[in-house]
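Counting in UniProt numbering, the sequence shown runs from 1 upward without gaps.
Here the structure is laid out as structure tokens; the discussion comes afterwards.
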Amino acid sequence: MKLRFSIRLQLLVLSLFLFAIPWLGYKYVWELEQYLRIGQEQTMIGTARAVATALHERPALFDSQSAYLQNVRPGTDLYAPPIDVPIQLDGRLQEWQAVSPLIQSYNEENVVTWFAEQNVPVTLSVEHMVGRYDQYFYAMFAVTDDNVVFRAPNSLSVDRSDHLLIGMLDAQDTLHRYIISPYDSGWVNAYQLDDNPGRFRAVDNALEIQGRWEMTTTGYNVELRFPITMTSGALAFAIVDVDDPANRAKQYAVGTANPNQSDDLGTVVTPSPEIERILSGLRYADSRVWVIDKHKRVLARSGSIHSSLGLNAGSQESSSQGWWHYIEQQWLLPLYYQILTRPPGDFVDELADAYALAGKDINHALSGQPDSLWRLTPDNKAVILSAAYPIYIGDSVMGAVVVEQTTHGIRTLRNRALEQLFHVILAVMLLGTLGLLMFAHRISSRIRNLRDDTEAVIDPNGKIIGSLPPSRHGDEIGDLSRSFSAVLSRLQQYNSYLENMASRLSHELRTPIAVVRSSLDTLDEVQDPAQQQVFLSRAQSGISRLSSILNSMSEATRLEQMISQEDTERFDIVKVVGGCVEGYQHAYPHRQFALRLSCEKVQLNGSPDLVAQMLDKIIANAVEFSQAESTIALHMWQEQRTVKLSITNTGPLLPKGMHEQLTQSMVSVRAEGNNADGPPHLGLGLYIANMIVAFHKGNIVLQDLPDKTGVCVVISLPVPQN
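Written as structure tokens, this is what we have:
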């Protein structure tokens, strides 16, 4: 069975294209997010530039030995982060847990001095870091040692046991060496060694360096504190291992660098309080700001990346508690967030305790070119944008400002835009689909009603038994309804004519048949030859009338065949009409003909004989429907590429509703009556005239005169271009 594809189903299928609207809206918002990211990127670079401007040409902020190093040696060049609370020098290392990711490990790969043969196995390892609180450096050492040897009681030698060596340069770049060599666990102070790097003789107490040496199950811990002013930034630590308590021979030293040589000392960098004060003064709370030196080590930091949303998305909470809020929260938003993603409230920040930064943007900034970088957090929950801008001292780049933000603000704005967009799209789709369905229902209902009404006015035998009321709607279905009504009305009139054709033919045939019959019947009774000739003449007249009726009925068919074979030629229609009117003056002496020509010469393509025949049919009708001695007026004029001919006669008006039917075949509105002597009237004259006009690609219009005194026939024929 063939599937019925109704209008409602078609419109329903077409309504599926409405689903392209949310896709287009979604793509638009995503494009908008890209532009927002570009805007955020430019804003970040501008922020980094503003911060860097506050640090340009301030060499005091970078006046340390680490700032002038050409290369940084990891593990040798130290980083001292700020410590939130002062370290309690108890050897337990509890306060160092907050900065534990920065602790460095030293083992056999970090032996800075060999005192014995190098094939001695290294059994000592150290975990070490330094920090800063207020005006003090703090240092911790978690030493793993299989055999701890303390200084012998009453021994004046400070290097014949496990000990800690410290080397540093003062502000005058003078090397100072210190040693911590305790007799036992507990509080310790350092001794200052002499200036000869080849020997280890204590010359003075260095009470500024103080701390605690505490034994552990795997070795010992050391915590120290000394003033920042003791060093210009060059610093080294080394743990010397002595395993044999008998000969107390030193085997090796594991540490950051060799404390005995000033050229080997590492540098220590610490966040600059001055730079931190500058960052604090900027009060930029929506970003995390870093200041690094040219070795990418952090000098200052401000802000938190978890609170750095980027663009301010505002508050998302709604105070509305009505039915719409309930629908939105319980139904719509859960549906939307099957596609959308919310910015995570927590994510992994791998740079939370970083003392050095890396990245393409930082490399470009340190080479003098501002740059930005997008990166994912390790847990892939957040996207972080960083922008770096160089800091200049003179013509040299001494560091960079790095500003970081997440895209949470942009994602929140995007989600809100999509939520509102989805609200509108959902409403548009629902209302649009409902409107289309209602429209389809209305259209299909009107079409079904038109079908039912049309079927109701025609009986099973095809007879029109009623009329179709014309629709008052101005759309296409209304036009169709009115067309159906007009067609059915014309068919009804035509069928009425056909139904009356029998009586019309009977009327036309009755008189000649009666004449022939009566003449023949009388002929048998009359013996006088003269009278017989009279009756024979009457019978011959009746037969001629019957022949004329048959010829008239076949005239239209013959003319149609002739038109199909007619050759066209170029002729002057003004001359043809003028010649025909002269003939009508003699053919119809009881009528007056008035011809008015508003054009002198009009050339047409066609048949002048057919045009004359058309004019004969129309003039014959005008003569028949006009009174004796009345005037039949003809007027010819040209409008642009059309020539028009009007034929006007006084007399009865056209029957109502039959202006267009009169040019159809066998349609006549003459009153019935005896007309034995006149020509037969079968309604073919105007039909033949209309065929000839159509052959010349024109049209014919019948209309009543405005003053209701007669009828006017207007013929329009196209004028071909030269």
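Here a beta-carbon is modelled for each residue, glycine too, at the ideal position from N, C-alpha and C.
Being a predicted model, the structure only gives us computed values, none of them experimental.
Residue i vs residue j beta-carbon contact at 7 Å
i: GLU214; j: SER185; result: yes
i: ALA587; j: THR631; result: no
i: LEU124; j: VAL254; result: yes
i: GLU208; j: GLY91; result: no
i: HIS163; j: VAL240; result: yes
i: ALA388; j: ILE362; result: yes
i: ARG591; j: VAL623; result: yes
i: TYR392; j: HIS56; result: yes
i: GLU543; j: TYR584; result: Per the sequence presented here, residue 543 reads as Ile, with Glu not at that position. No, the pair does not count as a contact, with Cβ atoms beyond the cut-off.
i: LEU430; j: SER15; result: no
i: PHE422; j: LYS381; result: no
i: THR397; j: GLY359; result: A small fix is needed here, since residue 397 is Val in this sequence, not Thr. Contact: no.
i: LEU654; j: ASP707; result: no
i: VAL611; j: VAL576; result: yes
i: PRO470; j: ARG482; result: yes
i: residue 723; j: VAL126; result: Past the edges of the chain, shown from 1 to 722, lies residue 723, and the structure says nothing about it.
i: ILE103; j: GLU95; result: no
i: VAL289; j: LEU299; result: no
i: ASP293; j: GLY394; result: no
i: PHE141; j: ILE228; result: no
i: ILE278; j: ALA48; result: no
i: GLN603; j: ASP572; result: yes
i: GLU582; j: SER607; result: no
i: GLY211; j: VAL242; result: no
i: GLU33; j: ARG301; result: no
i: ALA539; j: VAL516; result: yes
i: LYS296; j: LEU357; result: yes
i: GLN492; j: ILE447; result: no
i: residue 742; j: GLY167; result: The requested residue 742 is not part of the displayed model; the chain covers only 1 to 722.
i: GLU274; j: LEU36; result: no
Those residues which DSSP pairs with residue i across a bridge
i: LEU702; result: VAL713
i: GLU274; result: For GLU274, which the question treats as bridged, DSSP gives no partner whatsoever.
i: SER386; result: LEU373, GLU404
i: ASN649; result: VAL711
i: MET168; result: HIS176, LEU235
i: GLY266; result: LEU235
i: PRO227; result: TYR136
i: VAL254; result: VAL111, ILE239
i: LEU654; result: Paired residues: none, contrary to the question.
i: GLN638; result: VAL643
i: HIS163; result: VAL240
i: GLY432; result: GLY432 is not bridged to any residue.
i: SER396; result: ILE393
i: ASP616; result: DSSP, once it has assigned bridges, lists no residue as partnering ASP616.
i: TYR79; result: VAL269
Cβ separation of residue i and residue j, assumed to be a contact under 8 Å, to the nearest whole Å
i: ILE384; j: GLU404; result: 6 Å
i: LEU165; j: ALA238; result: 5 Å
i: ASN605; j: PRO720; result: 5 Å
i: ALA599; j: VAL643; result: Per the sequence shown, the amino acid found at residue 599 is Cys instead of Ala. Rounded, the Cβ-Cβ distance is 7 Å, consistent with contact.
i: VAL401; j: ALA139; result: Going by Cβ atoms, the distance from VAL401 to ALA139 rounds to 30 Å, so no, they are not a contact pair.
i: PRO82; j: PRO271; result: 5 Å
i: ALA694; j: MET614; result: About 10 Å separates the two Cβ atoms, so there is no contact after all.
i: VAL143; j: TYR191; result: No, VAL143 and TYR191 are not in contact; Cβ-Cβ is about 19 Å, not under 8 Å.
i: VAL29; j: ALA417; result: 5 Å
i: LEU11; j: PHE439; result: 7 Å
i: SER287; j: ILE45; result: Actually they do not touch by this definition, with Cβ atoms about 12 Å apart.
i: THR433; j: LEU18; result: 7 Å
i: PRO197; j: ASN260; result: 4 Å
Distance cut-off 6 Å: residue i Cβ against heavy atoms of the ligand MG
i: ARG517; result: This structure lacks the ligand MG; in fact it carries no ligand of any kind.
query: Can at least three beta-carbon pairs, one atom from the region 409-422 and one from the region 442-457, be found at a separation below 8 Å?
result: Judged by Cβ distances under 8 Å, the region 409-422 makes no contact with the region 442-457, as fewer than three pairs qualify.
task: For the UniProt domain "HAMP" (441-496), list the alpha helix (DSSP H) runs that are entirely contained and at least 4 residues long, ordered along the chain.
output: No alpha helix (DSSP H) of 4 residues or more sits fully in the UniProt domain "HAMP" (441-496).
- prompt: Of all the beta strand (DSSP E) runs that stay within the bounds of the region 82-147, which reach a length of 3 or more residues?
  reply: Correct list: 104-106, 111-114, 125-133, 136-144.
query: Between the region 142-152 and the region 232-249, do at least 3 Cβ pairs fall closer than 8 Å?
result: Cβ pair count under 8 Å is three or more, so yes.
message: Suppose only complete runs of 3+ residues qualify. What are the beta strand (DSSP E) ranges in the region 186-222, listed by chain order?
response: The region 186-222 contains these whole beta strand (DSSP E) runs: 186-193, 202-215.
- request: Assess, as a yes-or-no matter, whether the region 289-308 is touched by the region 108-119 under the definition of 3 or more beta carbon pairs within less than 8 Å.
  value: Output reads no: the region 289-308 does not touch the region 108-119.
field: Inter-stretch contact at 8 Å, needing at least 3 Cβ pairs: the region 259-268 / the region 71-80
entry: These segments touch.
message: Is it the case that the region 640-652 contacts the region 703-714, given that we only count it when at least three CB pairs across the two stretches are under 8 Å?
response: As far as the Cβ criterion goes, the region 703-714 touches the region 640-652, which means the pair count is three or higher.
- request: Go through the region 570-604 residue by residue and report every complete run of the beta strand (DSSP E) that reaches 3 residues or more, in order.
  value: Taking only runs of at least 3 residues, the beta strand (DSSP E) segments lying wholly in the region 570-604 are 592-597.
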